[in-house]
Amino acid sequence: MGEIIFFVSLVCLLFSSALGLPEKGLWKEHFTHNAKVSMEKSMVNNSEIYAKIYCQEDLSLHVAWFLFQSPCIEMFLDTNLTSISLWDKSFKTTSDKLTYKTGAERLSCTASKPLFLEGSDEIYSYLGVKKRPNPPQASAPLPGLFTKTWDSGAHLFLLSVACATEDCTMNVDVEVEMRNPDGTFLSAVEFPFLPFNGVMSFFYLILIVTWLVLIIRYWKDLMRIQFCIGVVLILGLWEHLTLFAIYETLRKSGEVASSAVYFAELIACVKRTLARLLVLIACLGYGVTKPRLGTIWFRRCLAIGLVYFVLVTVEGMTRLSQPRFTTSYFRLATLLPLLCLDAGIMWWIFIYLARTLRETRMRRNLVKHRLYRDFSYVLLAVSIISVTFMVWSLGIFKYHPCIESWHLLWIDDAFWQFLFVVILTFIVVLWRPTGSNRQYAYSLLDIAIDEEVEEEDEDVLLDRLDQDGTELTKVRSRQLGEFEDDGGDGKASVQSRNDELSPLHYAQGPIPATIVERMGIEASSGPNDETPVWKVD
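FYI, the numbering for the sequence shown is -20 to -1, 1 to 517, going by mature numbering (1 follows the signal peptide of the UniProt record, and there is no 0).
This is the structure we're talking about:
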């Protein structure tokens, strides 16, 4: 059970967004023949809809329309209805929750001025029962106001424009606006994302400024992994600033810049890739217990990063090209290899985190062991929160044919972004540049193990250290020159090196194994074998 919880925590570490393109609030259509168009959007009560027609020449038009409302937020997504005969088949499953307004009239359109459509206040249920109309407004309606929504939820506006005479030539432009009561265009589902991305951008900015100050102050003692952390911070700020600009533009203009949304997704893909590699190389001990990754692991990380970036980019672009709440076979085909690779990365992270904990414990390096121990406990704590949230999310959004808690949908996406920032903040705190970085960074006082040696040979050495605690002291003493016959100068040099070290750098007694280390050894061992997998040829 422990392995499952910890594995889930790592999977939740960099959970990506599940939303598609934002819902726009402005539609512009050009008709050259009789046509019908559908427009869907989630809106709150008393939202305003404006509709007007521009004609290139004087025409007589027949205009018919329907405005449907449903509390089920996924009701009208990707609905392209072109005939009234299809409506019954589309809405029969939730007919008891469907209400609508409708109207049809013949209008004369002139080329000199736009034609403003007039709506109706009569509200009907799907079964034809007349509902109470909207209460009269205290103020006069604005010019061009078509109608107002009568309840919060998903809305579908169907518009049919046709020539009223047989010999007319259709050449009209239709413009429809769906505004909130305050005049903005953000949909009801996506409205919280604007302040959320603003807060996230501000938080990332604080982290970057703090990180930059620490780097400038302790630039002589920096570890290589700290530069990787800085890159991930910059990518996170870039992503949320781009999303904030997208939603702010949508709020004011009602139009979605698709290229900007795809660009933000591309930044998120780069961030996800680098973040996974960052956690992986950190758990490998890069810069802390190993001076370099070595040729083998450098090539592995490079190949893993390239393949993961390609897969996550294909999945992200496919997700954006489809409406939310829909899953096509092509998207499943792009998601399956990504999940398999993700599972492999998380497994390596789990195994090598336990291995690094074991390595620092065997070397009795208390400072480094505490660093990885605290990081493992952070992941364990996050795993409990993640599992709890996933259970809640499944119960609220996944197993309901009608999602009426649409006002909570933003949490389903924002939680994973927030969780990523929480874990990244702990990484920033644990690996922050300080004047005592030498206690964390790789040094010659650690057991000299060539990065090219086989892992099982390194574990043999660690086993020997585990069996004989005095071996580490002898190795360190030989490295410091205590057994060199240098007279007083040699002893003074040794004393000087020892004075530079914190008294907590090396523990005098054995360090107890952590729960993560024990879980890693159990997970990487056979059912009837106590030997970890990394020791088996």
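We put the beta carbon where it would ideally sit given N, CA and C, even for glycine.
Where does residue i fall in DSSP's three states?
| i | result |
| --- | --- |
| LEU273 | coil |
| VAL236 | coil |
| MET370 | helix |
| residue 518 | With the chain running from -20 to 517 in the structure shown, residue 518 is simply not present. |
| MET158 | strand |
| ARG335 | helix |
| PHE171 | coil |
| PHE126 | strand |
| HIS485 | In this prediction, HIS485 has a pLDDT of 49, which is less than 50 and means its spatial position is unreliable; nothing more can be read from the coordinates. |
| GLU9 | strand |
| ILE29 | strand |
| GLN49 | strand |
| LYS77 | helix |
| THR414 | coil |
| ASN14 | coil |
| ARG344 | coil |
| ASP208 | According to the sequence as given, residue 208 is Cys; it is not Asp. Of the three classes helix, strand and coil, the one that applies to CYS208 here is helix, per DSSP. |
| residue 541 | The structure shown does not extend to residue 541, since the chain spans only -20 to 517, so no value can be given for it. |
| CYS320 | helix |
| MET150 | coil |
| THR62 | Low confidence applies here, because THR62 scores a pLDDT of 48, under 50, leaving its location unreliable and the question unanswered by this model. |
| GLY133 | strand |
| CYS143 | strand |
| LYS93 | coil |
What do you get for residue i, buried or exposed, if any count of 16 or more other CB atoms within 10 angstroms of its CB means buried?
| i | result |
| --- | --- |
| TYR309 | exposed |
| THR190 | exposed |
| SER482 | Annotation note: pLDDT 45 at SER482 (below 50); position unreliable, no value reported. |
| VAL362 | buried |
| CYS320 | exposed |
| TRP199 | exposed |
| GLY163 | exposed |
| LYS232 | exposed |
| LYS348 | buried |
| SER92 | exposed |
| THR222 | buried |
| GLU339 | buried |
| ASP437 | Only weak support exists for where ASP437 lies, its pLDDT of 48 falling under 50; the value from the coordinates is given anyway. Exposed. |
| residue 521 | In this structure the chain extends from -20 to 517, so residue 521 is not present and cannot be described. |
| LEU217 | buried |
| ILE403 | buried |
| PHE207 | exposed |
| ARG344 | buried |
Can you check whether the CB of residue j is closer than 8 Å to the CB of residue i?
| i | j | result |
| --- | --- | --- |
| LEU273 | LEU286 | no |
| TRP178 | PHE224 | The sequence given here places Gly at residue 178; Trp does not occur at that position. Contact: yes. |
| CYS53 | TRP386 | According to the sequence displayed, residue 53 carries Ile and not Cys. Cβ distance < 8 Å, so ILE53 and TRP386 count as in contact. |
| residue 529 | LYS8 | Absent from the model: residue 529. The displayed extent of the chain is -20 to 517, so no value can be given. |
| GLU295 | THR314 | yes |
| TYR30 | PHE176 | no |
| VAL292 | LEU318 | yes |
Can you give me the Cβ contacts of residue i inside the same chain, cut-off strictly under 7 Å, excluding the 5 residues immediately before and after it?
| i | result |
| --- | --- |
| ILE407 | ILE209 |
| ILE214 | ILE188 |
| LEU87 | LEU41, VAL43, LEU95 |
| TYR80 | PHE46, LEU47, PHE48, GLN49, TYR104 |
| VAL236 | LEU1, PRO2, LYS4, LEU230 |
| LYS251 | VAL212, LEU215, GLY216, GLU219 |
Keeping to the same chain, check which residues put their C-beta closer than 6 Å to that of residue i; ignore five residues upstream and five downstream.
| i | result |
| --- | --- |
| ASN160 | SER27 |
| LEU39 | CYS89, CYS148 |
| ILE325 | ARG256 |
| THR82 | PHE46 |
Are the C-beta of residue i and some C-beta of chain D separated by less than 8 Å?
| i | result |
| --- | --- |
| LEU215 | Checking the listed chains, one finds no chain D in this structure; it contains a single protein chain. |
Residues in the same chain with beta-carbon distance under 8 Å from residue i, minus the five sequence neighbours each way, listed in chain order, please.
| i | result |
| --- | --- |
| LEU194 | ARG412, PRO413, THR414 |
Open item on the list: Does the region 159 to 172 come into contact with the region 38 to 50, if we say contact requires no fewer than three beta-carbon pairs (one atom in each stretch) closer than 8 Å?
Closed with: Proximity of the region 159 to 172 to the region 38 to 50 falls short of the contact definition, fewer than three beta-carbon pairs being nearer than 8 Å.
Open item on the list: Measuring CB atoms only, is the region 15 to 22 touching the region 128 to 139, in the sense that at least three cross pairs come out at less than 8 Å?
Closed with: Contact between the region 15 to 22 and the region 128 to 139 is present, because at least three Cβ pairs lie under 8 Å.
TODO: Could you tell me whether the region 275 to 289 touches the region 351 to 368, using the rule of 3 or more Cβ pairs below 8 Å?
DONE: Taking 8 Å as the limit for Cβ pairs, the verdict is that the region 351 to 368 does not touch the region 275 to 289.
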